[in-house]
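Asks: This is the structure I want to talk about, given as structure tokens.
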Amino acid sequence: TRRVTIRDISAAKLEGERWPMLTAYDALTAGIFDEAGIPVLLVGDSAANVVLGYETTLPVTVDELLPMVAAVVRGTRRALVVADLPFGSYQASPEQALSTASRFLKEGRAHAVKFEGGAAVVPQVQALVAAGIPVMGHLGLTPQSVNQLGGFKVQGRGDAGTRLLEDARSLQAAGAFAVVLEAVPAELGAKVTAELDIPTVGIGAGPGTDAQVLVWQDMAGLTSGPVPKFVRRYADVRGVLREAATAYAADVTSGTWPSEENSYS
Ligand code: KIV
Ligand code: NA
């Protein structure tokens, strides 16, 4: 087996093939998704929420994400691993973006990086691509801008849709190999997909994008509380784990476990 490359991703668009992407943050679950044939894994800055317990993605640091990236790469054989650049680690300048991305490739052994923004981050995309680092863009609901967006809501309605398409074109022209479209009308997702030569990866962007991505804990039903409209839960991992922990606790308190079989003579 060899790793999936960005050339395979480009070829998929030409062939009209759809593909799935999931987030991953540790070696064990990444290995499971690799076995399931998920070709691209994203170590998202959503780790801030689903791993580290922060309210938003803003507080997470490069030092917190790096070990997760390294673990996901170690736990997989086939998937292309994309590292998300956290808030504040790339916006200042192309130099800053290059130095952060280099750490994710050198220390984390990631194969590509992703960061949020359109025209404003085009110099960053150009600098990384010139240095041989594949870049995935991210438009629409960009959670690192939550304070500016005024909440986690649908983006790209009306005139904003035209601006988003322009941003997508700019990212493509700058050399991005794919672009995530988050929480935009399905019609816009399909339009951007048709207009671009690079693949679009939708999350709440309707069925018309080239690829789809979900945070794995949402996909598998590990997260609690209300989930966004675009999530489909494929399992109840939260329920399974809660029952396992409850049964284990009951066995320990009652003395049913460990039994003789579980004990050394
Ligand atoms: O951080 C993340 O998980 C993401 C995906 C939802 C696209 O950016
Ligand atoms: Na992210």
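For the sequence shown, full-length UniProt numbering begins at 14 and goes up steadily by one. Yeah, the Cβ is synthetic: ideal placement off N, Cα and C, and Gly gets one too. In this text, all values refer to a predicted model and were calculated from it rather than measured experimentally.
(1) Our contact map puts Val73 next to Leu54 with C-beta atoms below 8 Å; I'd like the distance itself, whole angstroms only.
(2) Would you tell me roughly how many angstroms separate the C-alpha atoms of Ala43 and Val82, rounded to the nearest one?
(3) Can you tell me which of the three DSSP states Glu195 falls into?
(4) Distance check for Asp264 and Ser276, CA to CA, integer angstroms please.
(5) Count the other C-beta atoms from every protein chain shown that fall within 10 angstroms of the C-beta of Glu273, then say buried if there are 16 or more, exposed otherwise.
(6) Lys26 lies in the alpha helix (DSSP H); which residues open and close that run?
(7) Terminal residues of the continuous beta strand (DSSP E) containing Gln225?
(8) Count the CB pairs spanning the segment 131 to 144 and the segment 162 to 170 that are closer than 8 Å, and state whether there are at least three.
(9) Name the one or two DSSP bridge partners that Met34 has.
(10) Using the beta carbon as the reference atom, which residues fall closer than 5 Å to any heavy atom of ligand 2, ordered along the chain?
(11) Tell me which residues share the same chain as Gln185 and place their Cβ nearer than 6 Å to its Cβ, disregarding the 5 neighbours each side in the sequence.
(12) Taking only the alpha-carbon atoms, compute the straight-line gap between Leu177 and Glu195 and give it to the nearest angstrom.
(13) Which runs of the beta strand (DSSP E) fall wholly inside the segment 133 to 203 and span at least 3 residues, in chain order?
(14) What separation, rounded to the nearest whole angstrom, lies between the Cα atoms of Leu27 and Gly221?
(15) Quick check on the burial criterion: 16 or more other C-beta atoms within 10 angstroms. Buried or exposed for Gly88?
(16) Between Gly77 and ligand 1, is the CB less than 8 Å from at least one heavy atom?
(17) What residue does the alpha helix (DSSP H) around Leu79 start on, and which one ends it?
(18) Indicate, with yes or no, if ligand 1 has a heavy atom lying under 8 Å from the CB of Pro80.
(19) Which residue marks the beginning of the alpha helix (DSSP H) containing Ala114, and which one marks its end?
(20) What did DSSP end up calling Ile45 once you bin it into helix, strand or coil?
(21) Ends of the alpha helix (DSSP H) at Ala61?
(22) Looking at Gly215: is its Cβ nearer than 9 Å to the Cβ of Val228?
(23) Which of helix, strand or coil does DSSP assign to Val205?
(24) Which stretch, first to last residue, makes up the alpha helix (DSSP H) that contains Thr213?
(25) Quick one: residues in its chain with C-beta nearer than 7 Å to the C-beta of Arg31, no 5 flanking neighbours on either side, listed in chain order?
Replies: So, to answer that:
(1) Numbered from its first residue, the sequence shown carries residue 73 at position 60. Numbered from its first residue, the sequence shown carries residue 54 at position 41. The Cβ separation is near 18 Å, so there is no contact.
(2) Working through the sequence shown from its first residue, we reach residue 43 at position 30. Working through the sequence shown from its first residue, we reach residue 82 at position 69. So the two alpha carbons sit approximately 10 Å from each other.
(3) As a first step, residue 195 is located in the sequence shown; it is residue number 182 there, counting from the start. DSSP places Glu195 in strand when its eight states are reduced to three.
(4) The residue you call residue 276 lines up with position 263 of the sequence shown. The residue you call residue 264 lines up with position 251 of the sequence shown. The alpha-carbon atoms of Ser276 and Asp264 are separated by roughly 15 Å.
(5) The residue you call residue 273 lines up with position 260 of the sequence shown. Exposed.
(6) Taking the sequence shown and counting its residues from 1, the one referred to as residue 26 is at position 13. First-last of the alpha helix (DSSP H) with Lys26: 19 to 28.
(7) Here the question's residue 225 lines up with position 212 in the sequence shown. Gln225 -> beta strand (DSSP E) spans 224 to 227.
(8) Because the criterion of three Cβ pairs below 8 Å is not met, the segment 131 to 144 and the segment 162 to 170 do not touch.
(9) Sequence index remark: in the sequence shown, residue 34 carries index 21 (1-based). Paired residue(s): Val53, Val226.
(10) Gly57, Asp58, Asp97
(11) Taking the first residue of the sequence shown as 1, we reach residue 185 at position 172. So the qualifying residues of the chain are Leu209, Ile211.
(12) Looking up residue 177 in the sequence shown gives position 164. Looking up residue 195 in the sequence shown gives position 182. Cα-Cα distance, rounded: 11 Å.
(13) Residue ranges of uninterrupted beta strand (DSSP E) with 3 or more members, entirely inside the segment 133 to 203 and ordered along the chain, are 148 to 153, 191 to 195.
(14) Indexing the sequence shown from 1 puts residue 27 at position 14. Indexing the sequence shown from 1 puts residue 221 at position 208. Between Leu27 and Gly221, the C-alpha separation is close to 15 Å.
(15) By one-based count along the sequence shown, residue 88 stands at place 75. Per the 10 Å Cβ criterion, buried.
(16) Your numbering for residue 77 matches position 64 in the sequence shown. Correcting the residue type first, residue 77 is Glu in the shown sequence and not Gly. No, Cβ of Glu77 sits at least 8 Å from all heavy atoms of ligand 1.
(17) Residue 79 sits at position 66 when you count from the first residue of the sequence shown. 75 to 87 is the extent of the alpha helix (DSSP H) around Leu79.
(18) In the sequence shown, residue 80 corresponds to position 67, counting from 1. No; taking the cut-off as 8 Å, the Cβ of Pro80 has no heavy atom of ligand 1 nearer than that.
(19) Translated into positions along the sequence shown, residue 114 becomes position 101. Looking at the DSSP string, the run of the alpha helix (DSSP H) that includes Ala114 is 107 to 119.
(20) Here residue 45 refers to the residue found at position 32 when the sequence shown is read from its first residue. Secondary structure at Ile45: helix, using DSSP grouped into helix, strand and coil.
(21) Stepping through the sequence shown from its first residue, residue 61 is reached at position 48. Counting along the chain, the alpha helix (DSSP H) containing Ala61 begins and ends at 60 to 63.
(22) For the purposes of this step, residue 215 is identified with residue 202 of the sequence shown, where counting begins at 1. For the purposes of this step, residue 228 is identified with residue 215 of the sequence shown, where counting begins at 1. One thing to note: Gly215 has its Cβ no nearer than 9 Å to the Cβ of Val228.
(23) By 1-based counting over the sequence shown, the position of residue 205 is 192. In this structure, Val205 counts as helix in the three-state DSSP scheme.
(24) Here residue 213 refers to the residue found at position 200 when the sequence shown is read from its first residue. For Thr213, no alpha helix (DSSP H) segment is defined; the enclosing uninterrupted segment is the beta strand (DSSP E) at 213 to 216.
(25) For the purposes of this step, residue 31 is taken as residue 18 along the sequence shown, with counting starting at 1. Excluding sequence neighbours, Arg31 sits near Asp223, Ala224.
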